[in-house]
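Numbers in my numbering are just positions in the sequence shown, counted from 1, shifted up by 3. In this text, a Cβ means the ideal position worked out from N, Cα and C, and glycines have one as well. Just so we're clear, the structure is a prediction, and the values are computed from it rather than from any experiment. Below: the structure, in structure tokens.
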Amino acid sequence: MLKKTCYIFSALGLVLSVSCATPPGPDIRAAAGLANAVQFRAESLPTDAPPVGNALDLPAAIERAVRQSPTLQAALAEVRTAQADARQSRLLPNPVLSVVFRYPDGGGSPVTETGLTADLLTVLQTPRRIRAADNRLRAASARAVAAALDVIADTEKSYHTANALRQEMVLLEQGAGHIDRLLQIARHRLDAGEGTRLDVATLEARRAETRIDLQERRLKLTQEQLALARLLGQPSGDTDWQQTTSLPVATPVRSEADWLAAALRKRPEIQADRWQLAALEDRRALARLAFLEGSAAGLDAERDGDWSLGPSLAVPLPLFDWGQARRAKAHASAIAARHRLTQTVRQTVQEVRQAHAAQARLTAAATQAREQLTPLQQQRVDLARAVYESGQSGITPLLLAELDLQKAQLRAVQLELRAAVAAIELRRASGGTAAIFKTKTTTQKQ
């Protein structure tokens with residue numbers, strides 16, 4: 004009988020050990036593989052990473068920002084946490100072995116009782132617990148993707164903004180050079196008795212105003228470069244990079260309906276809310292058996308002269324708590340998740356439509372400013388300069404033409420920047436549907 008009992012205990016232990024190692028599905032392994040797409044660092048990132056080279060193109064900046072982002076590393080750590088929870092959900096609780104020796108008062112052989120029990124509720128809920136943990140893992144992976152897209156979008160915006168500010172500074176410096184030459188001509192004409200003191204004073208005031216504008220642009224450029232340096236992981240490093248990727252201007256290649264369909268299908272925030280809702284629905288299903296918490300099932304053996312063996316079952320009596328509070332809590336959590344999903348979908352639709360409209364209109368405006376307004380203002384400056392140099396008019400018409408040309412050039416740069424930012428926001432709102440890395444680098448980076 005003792006051998007038979009040992010065989011039964013061994014068989015039960017083998018069944019438990021096999022059931023504790025349920026492997027995750029291939030989709031779960033793929034979702035968990037996100038943590039390996041970017042190198043996950045167990046230690047904290049350094050305050051200042053190694054400096055970048057003198058030339059910095061946009062793909063290299065994005066790659067470095069993704070690798071040096073503490074926000075993304077924190078999101079990947081959450082993926083690792085959810086992955087560990089998914090593995091834990093596949094492990095059954097350890098069986099409890101109990102051994103009791105009782106000695107009769109009148110002497111004689113001791114009475115031996117042994118038992119092997121396992122948590123019955125956990126065993127019954129294992130499939131649903133696995134599914135809930137897998138859904139939480141999928142939600143964590145989607146949030147990590149959203150964090151990566153945020154890093155990419157912020158880097159693109161900062162990179163293009165710094166580029167645009169450099170172009171504005173070049174235009175202002177060119178304008179300052181034109182004003183200096185006009186001021187020199189006006190002074191010579193004043194000395195020769197052909198000009199007026201008003202022309203000289205007007206140009207001097209304009210030169211001072213241009214210098215103030217340059218100082219403001221330099222401040223904005225410095226601030227944007229420092230922001231980009233932080234994104235690249237070197238907030239204390241140098242910021243005098245040569246940005247080799249020009250400011251892009253592109254029109255939407257698809258209709259608004261296509262962008263909306265792609266966003267509703269691929270936006271990671273929507274996917275995260277959907278998986279979170281699925282996990283809460285699983286939690287709601289688990290709450291239906293809450294009144295069985297503490298149940299145990301197993302085998303009990305007793306030796307009182309001869310061995311006896313039989314199954315055992317311990318079930319709580321739901322006199323006071325039959326799980327009503329847990330079921331209500333799980334139901335309310337699922338309702339809140341549904342409303343959050345609706346809010347996320349509505350917010351996504353709004354962002355896509357706003358970004359799509361902004362890109363379309365800003366691209367058209369930037370094209371018009373670059374191809375029509377700027378050439379016309381340049382033609383006006385050429386005519387005004389010819390008239391002024393011939394002595395047929397004062398400095399005012401030429402100065403006004405120069406100011407309008409500079410405003411047109413600055414406006415074209417600003418419109419191109421706003422159109423590029425709108426394109427970035429459109430890609431971000433749609434979940435990175437369009438090709439983000441349009442500029443190719445080396446084959447290794449591809």
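(message) Which residue marks the beginning of the beta strand (DSSP E) containing A52, and which one marks its end?
(response) Here residue 52 is taken as the residue at index 49 of the sequence shown, counted from 1. Run containing A52: none; DSSP gives neither H nor E here.
(message) Under DSSP, the beta strand (DSSP E) around N117 begins and ends at which residues?
(response) Working through the sequence shown from its first residue, we reach residue 117 at position 114. It should be noted that the sequence gives Thr, not Asn, for residue 117. Here the beta strand (DSSP E) through T117 covers 114 to 122.
(message) Below 8 angstroms on the Cβ atoms is my contact criterion, and I expect V384 with A404 to pass it. Report the Cβ-Cβ distance as a whole number of Å.
(response) As a working note, residue 384 is residue 381 in the sequence shown. As a working note, residue 404 is residue 401 in the sequence shown. About 4 angstroms; that satisfies the 8 angstroms criterion.
(request) Please name the residue, chosen from A422, A368, S393, that lies closest to G198 on a Cα-to-Cα basis. (result) In the sequence shown, the residue the question calls residue 198 occupies position 195. For the residues A422, A368, S393, the minimum Cα distance to G198 belongs to S393.
(message) If contacts are defined as beta-carbon pairs under 8 angstroms, then L75 and V154 qualify, I think. What distance do you get, rounded to the angstrom?
(response) To locate residue 75, count along the sequence shown from 1; it is residue 72. To locate residue 154, count along the sequence shown from 1; it is residue 151. So it is a contact: roughly 6 angstroms between Cβ atoms.
(message) Using only the alpha-carbon positions, how far apart do R221 and S72 sit?
(response) Start at 1 with the first residue of the sequence shown, and residue 221 comes out as number 218. Start at 1 with the first residue of the sequence shown, and residue 72 comes out as number 69. Going from the Cα of R221 to the Cα of S72 covers about 27 angstroms.
(message) Distance check for A358 and L376, CA to CA, integer angstroms please.
(response) Translated into the one-based positions of the sequence shown, residue 376 becomes position 373. Translated into the one-based positions of the sequence shown, residue 358 becomes position 355. Going from the Cα of L376 to the Cα of A358 covers about 25 angstroms.
(request) List the whole-angstrom C-beta distance separating Q237 from P54, where the pair is believed to meet the contact cut-off of C-beta under 8 angstroms. (result) Mapped onto the sequence shown, residue 237 falls at position 234. Mapped onto the sequence shown, residue 54 falls at position 51. Their Cβ separation, rounded to whole angstroms, is 6 angstroms, which keeps Q237 and P54 in contact under 8 angstroms.
(message) What residue range does the alpha helix (DSSP H) around P271 cover?
(response) Position 268 of the sequence shown holds residue 271. Run containing P271: 271 to 290, per the alpha helix (DSSP H) assignment.
(request) Could you check if P271 is buried or exposed, using at least 16 other CB atoms within 10 Å of its CB as the buried criterion? (result) The residue labelled residue 271 in the question sits at position 268 within the sequence shown. With 16 or more other Cβ atoms within 10 Å, it is buried.
(request) Look at D183 and R200 and say whether their C-beta atoms are less than 8 angstroms apart. (result) In the sequence shown, residue 183 corresponds to position 180, counting from 1. In the sequence shown, residue 200 corresponds to position 197, counting from 1. No. Outside cutoff.
(request) Check D407 in the structure and name its three-state DSSP category. (result) Numbered from 1 along the sequence shown, position 404 holds the residue referred to as residue 407. Looking at D407 - three-state DSSP - the assignment turns out to be helix.
(request) Answer yes or no: do Q245 and A58 have a C-beta to C-beta separation smaller than 8 angstroms? (result) What you label residue 245 is simply residue 242 of the sequence shown in a count that begins at 1. What you label residue 58 is simply residue 55 of the sequence shown in a count that begins at 1. Contact: yes.
(message) Can you tell me which residues form a DSSP beta bridge with E341?
(response) Start at 1 with the first residue of the sequence shown, and residue 341 comes out as number 338. Per the sequence shown, the amino acid found at residue 341 is Arg instead of Glu. Bridge partners of R341: none, in fact.
(request) Return the bridge partner residues of V99 from the DSSP annotation. (result) As a first step, residue 99 must be located in the sequence shown, where it is residue number 96. For V99, which the question treats as bridged, DSSP gives the partners T120.
(request) Measure how close the beta-carbons of A142 and D285 come, nearest whole angstrom, since I'm counting them as under 8 angstroms. (result) As a position in the sequence shown, residue 142 is number 139, starting the count at 1. As a position in the sequence shown, residue 285 is number 282, starting the count at 1. Incorrect: roughly 12 angstroms between the Cβ atoms, too far for contact.
(request) Would you grab the beta carbon distance between A151 and V69 for me? Rounded to a whole angstrom, and I think it's under 8 angstroms. (result) What you label residue 151 is simply residue 148 of the sequence shown in a count that begins at 1. What you label residue 69 is simply residue 66 of the sequence shown in a count that begins at 1. The Cβ separation is near 6 angstroms, so the contact holds.
(message) Output needed for D307: all residues of its chain with C-beta closer than 6 angstroms, excluding positions within five of it in sequence on either side, in chain order.
(response) Position 304 of the sequence shown, counted from the first residue, corresponds to residue 307. The residues are V114.
(request) Give the straight-line distance between the Cα atoms of L140 and R233, rounded to the nearest whole angstrom. (result) The residue you call residue 140 lines up with position 137 of the sequence shown. The residue you call residue 233 lines up with position 230 of the sequence shown. Rounded to whole angstroms, L140 to R233 spans 30 angstroms at the Cα level.
(request) Work out the CA separation of S336 and A293 for me, nearest whole Å. (result) If you number the sequence shown from 1, residue 293 lands on position 290. If you number the sequence shown from 1, residue 336 lands on position 333. Whole-angstrom Cα-Cα distance: 16 angstroms.
(request) Decide if L401 is buried, meaning its Cβ has at least 16 other Cβ atoms within 10 Å, or exposed. (result) Taking the first residue of the sequence shown as position 1, residue 401 is located at position 398. With 16 or more other Cβ atoms within 10 Å, it is buried.
(request) Determine the burial state of Y391: buried for a count of at least 16 other Cβ atoms within 10 Å of its Cβ, exposed for fewer. (result) What you label residue 391 is simply residue 388 of the sequence shown in a count that begins at 1. Its Cβ being crowded by 16 or more others within 10 Å, Y391 is buried.
(request) Tell me where the beta strand (DSSP E) around P314 begins and ends. (result) Taking the sequence shown and counting its residues from 1, one reaches residue 314 at position 311. Its beta strand (DSSP E) spans residues 309 to 317.
(request) With DSSP collapsed to three states, give me the class of A24. (result) Taking the first residue of the sequence shown as 1, we reach residue 24 at position 21. Only weak support exists for where A24 lies, its pLDDT of 40 falling under 50; the value from the coordinates is given anyway. The answer is coil: DSSP assigns A24 none of H, G, I, E or B.
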